[in-house]
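Report on one structure; see the data block that follows.
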Amino acid sequence: NTNNFDYASYHTLEEIYSWMDSLEAEYPDLVTKIQIGSSFEGRPINVLKFSTGGSNRPAIWLDSGIHAREWITPATGIWSAKKIASDYGRDPSLTAILNTMDIFFEIVTNPDGYYFTHTSNRMWRKTRSINPGSSCVGVDPNRNWGAGFGGPGTSTNPCSETYLGSFEHSESEVKSIVDFILGHGNFKAMITIHSYSQMLMYPYGYTSTETPNQQELHTLAKSAVDALAALHGTKYTYGSMITTIYPASGTTADWGYLNGIKYSFTFELRDTGRYGFLLPAEQIIPTAQETWLALMKIMEHARDNPY
Amino acid sequence: QKLFVGDQVLRITASSEEQITLLKELQDLEHLKLDFWREPVKTALAVDVRVPFAGLQALKVFLESNGIQYRVMIDDVQMLLDEEKEEMFRSHDRER
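For the record, the sequence lines run as chains Y and X.
Under our numbering, think of the first position of the first sequence as 339, with each following residue one higher.
Under our numbering, think of the first position of the second sequence as 8, with each following residue one higher.
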């Protein structure tokens with residue numbers, strides 16, 4: 339039962355997958371679990387679809403947990419997904435979003451890596467795929483997308499944490515999303531959630547060229563981080579990836595934008611400057627609550643500005 | 008289960024491009040087994056790096072001898088992991 343689930347604690351992959359089944363069972367008219375692929379080690383890659391009907395409606399993509407050790411991101415994802423389900427019909431703005439758009443939420447984007455952080459190495463970041471000719475395992479799934487693939491900010495060394503992989507979309511965790519989104523064909527927003535630098539960024543990461551939508555994305559990012567800060571005072575920086583953090587090629591947000599999804603963003607959730615990836619569980623709810631306000635700003639904007 | 012006893016996370020603040028370059032060179036020294044949580048990019052952004060216990064002294068000497076400022080962000084990674092694990096066990100035991 340998702341009402342009795344402890345949202346203020348970190349959970350194993352098994353618990354999260356079980357929670358997904360519960361959410362689907364409790365909100366059968368709104369939530370459907372879809373398996374869009376399998377991980378390298380054969381785990382299902384699950385997405386929660388929130389839909390009130392209609393076929394191939396414009397859609398919003400959310401994902402968390404692509405870097406395994408960023409536990410706060412799936413924890414925030416779980417809370418947010420429950421919020422979507424429980425607020426539909428109660429919160430007028432969210433209800434209006436779901437009456438015109440579908441939301442797809444991939445809570446654990448890197449299930450093998452997440453499992454590995456619980457069983458073997460809490461600090462693991464990458465996928466768990468084997469690299470031929472190397473004893474080092476895994477690819478950075480946020481360098482593996484077909485968006486400036488192999489450009490600045492990636493490593494060709496399989497032992498590096500930013501190893502890009504042998505070719506674009508080599509990771510089934512990435513390819514599954516690519517195939518799903520391109521197959522769907524009507525995504526209007528794509529938000530990928532990382533931690534822990536307190537940033538909200540839009541494309542590009544692989545080039546310093548500004549996107550044609552720079553002004554709109556910048557204004558939207560500002561309104562999102564303002565909304566976020568209003569709750570607990572958490573200060574985010576915002577801007578294009580390359581100017582705000584560093585050059586990074588082959589990223590999710592750039593791929594989304596280059597494939598026609600204008601409202602493409604990447605979050606870096608809160609950091610107290612003390613814990614990094616080991617954010618205490620007591621901060622899960624405040625993190626999720628403030629993030630939700632920013633997510634809503636972006637989703638509302640996508641709803642109100644069809645293209 | 009990999010243990011991180013005595014590993015620290017350092018928050019490094021570079022004050023010049025030269026120092027950024029020195030930090031970038033550290034990334035190539037695989038024997039130190041440094042885990043960059045935030046990579047050296049520009050002076051405005053702090054660098055966070057998890058340092059295995061065995062390499063702590065060497066890295067701190069390197070930073071201090073090059074005048075690069077740092078502070079210990081996490082004193083013992085394993086202690087935090089133990090707390091995290093305890094918290095998860097407590098959560099399991101809690102009555103739903």
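Quick reminder that beta carbons are idealized off the backbone N, C-alpha and C, glycines included.
These figures come from a predicted structure and were not determined experimentally.
Distance cutoff 7 angstroms, beta carbons only. Does Gly614 of chain Y sit that close to anything in chain X? Yes, contact with chain X.
Arg428 of chain Y, buried or exposed, once every other Cβ within 10 Å from all chains shown has been counted against 16: exposed
Identity of the residues DSSP links to Tyr601 of chain Y by a beta bridge: Y:Ala527
How is Ser535 of chain Y classed by DSSP in three states: helix, strand or coil? Ser535 of chain Y sits in coil when the DSSP states are folded into three classes, being neither helix nor strand.
Among Y:Thr572, Y:Phe343, Y:Thr465 and Y:Gln621, which has the Cα closest to the Cα of Trp283 of chain Y? This structure cannot settle anything about residue 283 of chain Y, because the visible part of chain Y is limited to 339 through 645.
Residue closest to Gly403 of chain Y, alpha-carbon to alpha-carbon, out of Y:Gln621, Y:Phe605 and Y:Cys497: Across the set Y:Gln621, Y:Phe605 and Y:Cys497, the C-alpha of Y:Phe605 shows the shortest separation from the C-alpha of Gly403 of chain Y.
Go to Trp593 of chain Y, then tell me how far its beta strand (DSSP E) extends in each direction, as first and last residue. Per DSSP, Trp593 of chain Y belongs to no beta strand (DSSP E); it is in the alpha helix (DSSP H), Thr590 to Leu596.
Endpoints, the alpha helix (DSSP H) within which Trp417 of chain Y is located: Ile410 to Asp425
For Val84 of chain X, is the classification buried or exposed, using 16 other Cβ atoms within 10 angstroms of its Cβ as the cut-off for buried? buried
Mind checking which residues open and close the alpha helix (DSSP H) that includes Asp100 of chain X? Val84 to Asp100
Quick one: Cα of Pro624 of chain Y to Cα of Asn482 of chain Y, how far? 31 angstroms
Quick check on the burial criterion: 16 or more other C-beta atoms within 10 angstroms. Buried or exposed for Lys526 of chain Y? buried
Which residue wins for smallest C-alpha separation from Ser472 of chain Y, given the options Y:Gly503, Y:His570 and Y:Asn448? Its Cα nearest to that of Ser472 of chain Y, the residue Y:Gly503 stands out among Y:Gly503, Y:His570 and Y:Asn448.
Whole beta strand (DSSP E) runs in the stretch 536-587 of chain Y with 3 or more residues, listed along the chain? 537-540 and 575-578
Helix, strand or coil at Glu628 of chain Y [DSSP, three-state]: helix
Where Ser98 of chain X meets chain Y, residues with beta-carbon distance less than 7 angstroms: Asp344 and Ser347
Short CB-CB distance (under 7 angstroms) between Met86 of chain X and chain Y: no
Per DSSP, which residues does Tyr348 of chain Y bridge with? Please list them. Paired residues: none, contrary to the question.
Determine whether the Cβ of Asn459 of chain Y lies closer than 7 angstroms to any Cβ atom of chain X. Output row for Asn459 of chain Y: interface = yes.
List the endpoints of the continuous beta strand (DSSP E) containing Pro382 of chain Y. Pro382 to Phe388
Alpha carbons only, please: which of Y:Thr350, Y:Phe378, Y:Met634 and Y:Tyr426 is nearest the one belonging to Ser305 of chain Y? Only positions 339 to 645 of chain Y appear in this structure, which leaves residue 305 of chain Y out of reach.
Taking the alpha carbon of Thr557 of chain Y as the point to measure from, which residue in Y:Tyr542, Y:Thr572, Y:Gly543 and Y:Tyr576 has its own alpha carbon closest? Y:Tyr576
Which ranges does the alpha helix (DSSP H) cover as unbroken runs of at least 4 residues, wholly within the stretch 461-529 of chain Y, from first to last along the chain? 510-522
Indicate whether at least one CB of chain Y lies closer than 7 angstroms to the CB of Asp55 of chain X. yes
Whose Cβ in chain Y lies nearer than 8 angstroms to the Cβ of Lys40 of chain X? What Lys40 of chain X touches in chain Y: nothing, since even the nearest Cβ is about 10 angstroms away.
Report the neighbours of Tyr584 of chain Y on chain X: residues whose CB is nearer than 7 angstroms to its CB, in chain order. Glu46 and Val48
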